[in-house]
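K.L.:
Protein chains: 4
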Amino acid sequence: MTLTEFDPTRLEADVVFLCQEAGFAMTHARELTKRSKVIDLSADFRLKDKETFAKFYKMAHSDPELPSVYGLPELVDRDLIADANLVSNPGCYPTASLLGLVPLVAAGLVTGAVVIDAKSGVSGAGRSRKETEYLFSELDGGFRAYAVTGHRHAPEIAQMAGCTIRFTPHLLPIPRGIHATIYAPAASAPDLAELYRDFYRHSPFVRFVDTPPNTKQVAGSNRCDIWATFDQDSGYIVVCSVIDNLVKGAAGQAIQNLNLILGFPETSGLPTNGVWP
Amino acid sequence: MTLTEFDPTRLEADVVFLCQEAGFAMTHARELTKRSKVIDLSADFRLKDKETFAKFYKMAHSDPELPSVYGLPELVDRDLIADANLVSNPGCYPTASLLGLVPLVAAGLVTGAVVIDAKSGVSGAGRSRKETEYLFSELDGGFRAYAVTGHRHAPEIAQMAGCTIRFTPHLLPIPRGIHATIYAPAASAPDLAELYRDFYRHSPFVRFVDTPPNTKQVAGSNRCDIWATFDQDSGYIVVCSVIDNLVKGAAGQAIQNLNLILGFPETSGLPTNGVWP
Amino acid sequence: MTLTEFDPTRLEADVVFLCQEAGFAMTHARELTKRSKVIDLSADFRLKDKETFAKFYKMAHSDPELPSVYGLPELVDRDLIADANLVSNPGCYPTASLLGLVPLVAAGLVTGAVVIDAKSGVSGAGRSRKETEYLFSELDGGFRAYAVTGHRHAPEIAQMAGCTIRFTPHLLPIPRGIHATIYAPAASAPDLAELYRDFYRHSPFVRFVDTPPNTKQVAGSNRCDIWATFDQDSGYIVVCSVIDNLVKGAAGQAIQNLNLILGFPETSGLPTNGVWP
Amino acid sequence: MTLTEFDPTRLEADVVFLCQEAGFAMTHARELTKRSKVIDLSADFRLKDKETFAKFYKMAHSDPELPSVYGLPELVDRDLIADANLVSNPGCYPTASLLGLVPLVAAGLVTGAVVIDAKSGVSGAGRSRKETEYLFSELDGGFRAYAVTGHRHAPEIAQMAGCTIRFTPHLLPIPRGIHATIYAPAASAPDLAELYRDFYRHSPFVRFVDTPPNTKQVAGSNRCDIWATFDQDSGYIVVCSVIDNLVKGAAGQAIQNLNLILGFPETSGLPTNGVWP
């Protein structure tokens, strides 16, 4: 195979993956979808409200009318993804948060603003971020919150969950893994294990587990492990949801989406077991 | 100095520190306070409600009437500590949580159940815990919640804060440090920097900082660094509070209490600066 | 499949893996080899000199005459392994050390006692070691040598390399990975890349690389990456050899040996690529 | 105090510390020593052979005749340092290596080229190094050698030890700490504990310990802990020497040198105890 310069008017492929900075996909997706299915891993088509997009990504959207489907197969009709010309693939925080939260919203249990206290491994920042704060000695042995007053993933989570959220990301001194601790105000709760297991009965990568999961147990896999309990005294349902941000954080569901588009089994090419330790 | 067997009826000292398992202090404190001031670092006298104590510590209290003062100088009248015969010294999670939360409660801002999402370094478990789960290879590179359905420090925090709380501890893959992220429902909020700085104007170890603090910046010190913001959209005041659990987590305020009892400056023998990195 | 009690006189299997403490294999291997091929991952048959065995493992050998083949396919005639009734499978330090050192010895380059400065991730100690020294907080952020005056793997390495060695193990604050830095006294050296690449031309898991390898680059794989240089001024050939002790440290070559015995491709079921980061 | 631009012709101070890149001290030291004592923490005056300097630092020396004293008080006549106008302060690898090696050389025990296998925490690279390879996710959980074919500290160690050395640095996934494992060929060895304790009887920061030291046990202190043994079989004396590179790696002995110059006790302002864990 020969690498050639990118030319959207001549590119021939069944499926095209776009993995570029914000602004790239909105410029080229319309042309590419004439001949190919497109799976976009950037944020360009994730937010339906283009004013919110402009505010959080500091640019106007150049193709706001192009139709797209949000590519999280566990929460979106898989047929819609299979038939879409443009799939907008979610990233790490929304995946871990939404897989933990949406079953509660769908069951009508949530009565107020939801707290999502999220913790991410450092690879979530990307390998090109070379500021002092990402150097080994600055991070090892420490822990802190960041972007508390506004993170780009907050409106995306709110949009897809359909409820008000308070989203706080933190930086874990580990290379990979996301842990979202979700606090959903609720008046009561049914059997949560049953609720989650039923909700994800057709989703091979999501598992409701018996004890609060460790990010390590899904490392290297496309799995999302979830555990939940209802704290009657405080009136919060507490959910712990973990993924490996380098797999189920974006690349993994991109492969799931590819499998759906091409009619392959959804698990093709994707590991279901983590590596320990 | 010669080490002798412990005999509370003959021990001669101005101040006695007790650092034993639950059940020890309640057995010996009454006798010891006849001749000495006692600073107890165990949980025996922290909970006023002895039924709650029995439930969480699995033992009846043998001396429920003995008076004691909760030894967190930043939140308790320092004269009470100076004059007390028995000081009940708080531990790590309550210290980080209460220093972050109490100023909001005192200002009448909190309108509902407060979420405390707390993260602790591994030394918080103590050095004698040799279960598999505390081995290096089990913890390094991972993160998880634990004791989600009930932790001994939850009723202590609720008692001292005077409000309902939802407390979730997590285990950080670092040796030392605690980070409490606190979500207090509120209708509105004043200037939080001003509120905290005023509240702690006489407390040399507590500092309101300009950005979310890193646990590393207080490592090795007796400091508590706090940052807060009000998220109007969700209606939560978000507070980040960090301490080094091996200093301000118990031993540090024990020295503060000693200083108050003996009339020394409160900062005597206590480091105010952390070690970086 | 039903788990039944271990009975060597009735066990029916093409190949039996033994993964027990020292003393077990020597007791049962003779009986088992009557009906099965046996791959033993313990040390029982690694040392030819039974006095050395007795000294380092604190027990007399109960079956010193039973023939066995040392199961490191890269350094032993693969036909011998394929035909053996009992394969004595090497462990982590000898694998990393021997793969780095033997090509130099075979080429007649080594002129004196070889220094092997080895560093291992903590999982090398095993999961059942629950002494204080293996707790997270004791190891994270530190580094030390251990067993400097005598480690069980030293005589095994010397026996297989056929030269005098000085072996010093150290404990790395990482879960998995071994790095052996080898210093072989030599009067001169040929092109080392060529020497190693030729030596391992039939060994798909060993690779001579262009820069000193990182243990991370082989994590999760059965690979051994090697780099070497000759320091003319000091008269030492310096070799860096890395493996993942949890794969190529024992289990990986056990599968290689199984593949050889059963006539499968040597790489069957074994990952050749590591996971990063 | 007011910060002013650096002007060596007008600077008035008893002692001046220089902490700049190579090339700075050689330009300004002569002028500065007219009015002040100078302690230079750069490499400019460490190498006596200016051709070696030019080779390793890629620049000609502009003031090769200016006299200086090597500022490692444990190995240099303290009166020379106290009286010097210019003290050339050593860095991290030479300090850990020389303190471990020189007593053996001084005792006439070393019979050949010495192997120094050194391991450093990441802060040794400095905080301004923002290449990808120093990012957290690249380093955490891994270990590798670097600069194997030539490191700037090798000629400095050889010069001060007075013997041929083979120096190999490695990068440890920890923020601070250096561990040098030294292999000195020797025909025989006396009681090494006695030899080292006698050698350092006037050096309060160097301690011969009973077991191989952990870098953590000296973290935050100006100490160097050393342990050694003679391996008769291989003919190497093995020495383990640890320091905290952020204290005894340069800044600590700079303060020691200041104390000697000003007539203060050598330990003034320097911590002798490490922080654990």
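Going down the list, the sequences are from chains R, C, X and D.
Be aware that the first sequence starts at 15, since it is given in our numbering, and climbs by one per residue.
Be aware that the second sequence starts at 15, since it is given in our numbering, and climbs by one per residue.
Be aware that the third sequence starts at 15, since it is given in our numbering, and climbs by one per residue.
Be aware that the fourth sequence starts at 15, since it is given in our numbering, and climbs by one per residue.
Virtual Cβ for every residue (Gly too), placed ideally from N, Cα, C.
Please read all numbers here as calculations on a predicted model, not as lab measurements.
(1) Take residue 176/C as the anchor and find which of 263/C, 100/C, 22/C and 126/C has the nearest alpha-carbon.
(2) Between the segment 216–236 of chain R and the segment 165–183 of chain R, do three or more beta carbon pairs fall short of 8 Å?
(3) Got a sec: is the Cβ-Cβ distance from residue 189/X to anything in chain C below 8 Å?
(4) For the candidate residues 122/D, 77/D, 115/D and 178/D, whose alpha-carbon lies nearest to that of residue 40/D?
(5) Check residue 151/C in the structure and name its three-state DSSP category.
(6) Since residue 144/D meets chain R, which of its residues come closer than 9 Å, beta carbon to beta carbon?
(7) Can you name the residues of chain C whose CB is closer than 7 Å to the CB of residue 131/R?
(8) I'd like to know if the segment 193–200 of chain X and the segment 147–158 of chain C are in contact, where contact means that at least 3 CB-CB pairs between them fall below 8 Å.
(9) If I measure Cβ to Cβ from residue 92/R and keep anything under 7 Å in the same chain, skipping five residues before and after, which residues do I get?
(10) Judging by CA-CA distance, which residue of 23/D, 59/D and 58/D is the nearest neighbour of residue 48/D?
(11) Measuring only between beta-carbons, confirm whether residue 182/X sits less than 8 Å from chain A.
(12) Only counting the same chain, and skipping five residues up and downstream in sequence, which positions put a Cβ closer than 8 Å to that of residue 95/C?
(13) In chain order, what residues of the same chain have a beta carbon less than 8 Å from the beta carbon of residue 285/C, not counting five sequence neighbours either side?
(14) Where do the N-terminal and C-terminal ends of the beta strand (DSSP E) with residue 195/D fall, by residue?
(15) Does residue 78/X come within less than 8 Å of chain D when only Cβ atoms are used?
(16) Helix, strand or coil for residue 84/R, going by three-state DSSP, please let me know.
(17) Nearest CA to the CA of residue 282/C: which residue from 268/C, 54/C, 140/C and 183/C?
(18) If residue 121/R and residue 255/R are in contact, beta carbons under 8 Å, what's the gap, nearest whole angstrom?
(19) Looking at residue 36/C: is its Cβ nearer than 8 Å to the Cβ of residue 54/C?
(20) Which ranges would you report for the alpha helix (DSSP H) in the segment 206–255 of chain R if only whole runs of at least 4 residues count?
(21) Measuring alpha carbon to alpha carbon, tell me which of 62/X, 279/X, 259/X and 99/X ends up nearest residue 188/X.
(22) For chain X, is any of its Cβ atoms less than 8 Å away from the one on residue 155/D?
(23) Among the residues of its own chain, which have a CB less than 6 Å from the CB of residue 32/X, if the five just before and after it don't count?
(24) Can you give me the C-alpha to C-alpha distance between residue 70/R and residue 64/R, rounded to a whole angstrom?
(25) Residue 308/X bridges to which residues according to DSSP?
(26) At a CB-CB cut-off below 7 Å, which residues of chain D make contact with residue 152/X?
(27) Report the neighbours of residue 136/D on chain R: residues whose CB is nearer than 7 Å to its CB, in chain order.
(28) Tell me whether the beta-carbon of residue 142/D lies closer than 8 Å to the beta-carbon of residue 183/D.
(29) Let me know if residue 164/R comes out buried or exposed under the rule of 16 or more other beta-carbons within 10 Å of its beta-carbon.
(30) For residue 32/X, which three-state DSSP category applies?
(31) Using a threshold of 8 Å, state whether the C-beta atoms of residue 160/X and residue 199/X are closer than that.
(32) Checking contacts by CB at 8 Å: is residue 141/R closer than that to chain D?
(33) In three-state terms, what does DSSP make of residue 39/D?
(34) Anyone know if the C-beta pair for residue 103/C and residue 264/C falls short of 8 Å?
(35) Taking only beta-carbon atoms, is residue 234/R less than 8 Å away from chain X?
P.N.:
Well, looking at it:
(1) Looking up residue 176/C in the second sequence gives position 162. Of the candidates 263/C, 100/C, 22/C and 126/C, the one whose C-alpha sits nearest the C-alpha of residue 176/C is 126/C.
(2) no
(3) Position 175 of the third sequence, counted from the first residue, corresponds to residue 189/X. Cβ-Cβ to chain C under 8 Å: yes for residue 189/X.
(4) If you number the fourth sequence from 1, residue 40/D lands on position 26. With distances taken between Cα atoms, residue 40/D lies closest to 77/D.
(5) As a working note, residue 151/C is residue 137 in the second sequence. Three-state DSSP puts residue 151/C in a helix.
(6) As a working mapping, residue 144/D is identified with position 130 in the fourth sequence. Within 9 Å Cβ-Cβ: 144, 145, 146, 148 and 149.
(7) Taking the first sequence and counting its residues from 1, the one referred to as residue 131/R is at position 117. Here the neighbours are 131 and 195.
(8) no
(9) As a position in the first sequence, residue 92/R is number 78, starting the count at 1. Same-chain partners within the cutoff: 274.
(10) Numbered from 1 along the fourth sequence, position 34 holds the residue referred to as residue 48/D. Checking every option, the nearest Cα to that of residue 48/D belongs to 23/D.
(11) This model lacks chain A altogether, as its protein chains are R, C, X and D.
(12) Counting from one through the second sequence, the residue named residue 95/C turns up at place 81. If we look at residue 95/C and ignore the five residues flanking it on each side, its Cβ neighbours are 83, 85, 87, 101, 271, 274 and 275.
(13) As a position in the second sequence, residue 285/C is number 271, starting the count at 1. For residue 285/C, where only same-chain residues beyond five positions count, the Cβ hits under 8 Å are 234, 235, 236 and 261.
(14) The sequence position of residue 195/D within the fourth sequence is 181, counting from 1. Segment 192–199, the beta strand (DSSP E) holding residue 195/D.
(15) On the third sequence, residue 78/X is found 64 positions in, with the first residue counted as 1. Output row for residue 78/X: interface = no.
(16) Your numbering for residue 84/R matches position 70 in the first sequence. Reduced to three states, the DSSP call for residue 84/R is strand.
(17) As a working mapping, residue 282/C is identified with position 268 in the second sequence. The residue with the shortest Cα to Cα distance from residue 282/C is 268/C.
(18) Numbered from 1 along the first sequence, position 107 holds the residue referred to as residue 121/R. Numbered from 1 along the first sequence, position 241 holds the residue referred to as residue 255/R. At roughly 16 Å, the Cβ-Cβ gap does not stay under 8 Å, so residue 121/R and residue 255/R are not in contact.
(19) Translated into the one-based positions of the second sequence, residue 36/C becomes position 22. Translated into the one-based positions of the second sequence, residue 54/C becomes position 40. No; because the gap between Cβ atoms is not below 8 Å, this pair is not in contact.
(20) 206–213
(21) The sequence position of residue 188/X within the third sequence is 174, counting from 1. Selected option, being the one with the closest Cα: 259/X.
(22) On the fourth sequence, residue 155/D is found 141 positions in, with the first residue counted as 1. Chain X contact via Cβ: present.
(23) Locating residue 32/X in the third sequence gives position 18, where the first residue counts as 1. Here the set comprises 39 and 54.
(24) Sequence index remark: in the first sequence, residue 70/R carries index 56 (1-based). Sequence index remark: in the first sequence, residue 64/R carries index 50 (1-based). Going by the C-alpha atoms only, they are around 10 Å apart.
(25) The first residue shown for chain X is 15 and the last is 291, placing residue 308/X beyond what the model contains.
(26) Position 138 of the third sequence, counted from the start, is the residue given in the question as residue 152/X. Near residue 152/X (Cβ distances below 7 Å), the residues of chain D are 291.
(27) Counted from its first residue, the fourth sequence places residue 136/D at position 122. Those are 150 and 151, listed as they occur along chain R.
(28) Numbered from 1 along the fourth sequence, position 128 holds the residue referred to as residue 142/D. Numbered from 1 along the fourth sequence, position 169 holds the residue referred to as residue 183/D. No, the Cβ-Cβ distance between residue 142/D and residue 183/D is not below 8 Å.
(29) For the purposes of this step, residue 164/R is identified with residue 150 of the first sequence, where counting begins at 1. It is exposed - the Cβ of residue 164/R has fewer than 16 other Cβ atoms within 10 Å.
(30) On the third sequence, position 18 is the one that residue 32/X refers to. It is a strand residue.
(31) The residue you call residue 160/X lines up with position 146 of the third sequence. The residue you call residue 199/X lines up with position 185 of the third sequence. No, the Cβ-Cβ distance between residue 160/X and residue 199/X is not below 8 Å.
(32) In the first sequence, the residue the question calls residue 141/R occupies position 127. Residue 141/R counts as touching chain D.
(33) Locating residue 39/D in the fourth sequence gives position 25, where the first residue counts as 1. Note: residue 39/D maps to helix in three-state DSSP.
(34) On the second sequence, position 89 is the one that residue 103/C refers to. On the second sequence, position 250 is the one that residue 264/C refers to. It is a contact, given that the beta carbons lie within the stated cut-off.
(35) Against the first sequence, residue 234/R aligns to sequence position 220. True, the Cβ-Cβ gap to chain X drops below 8 Å.
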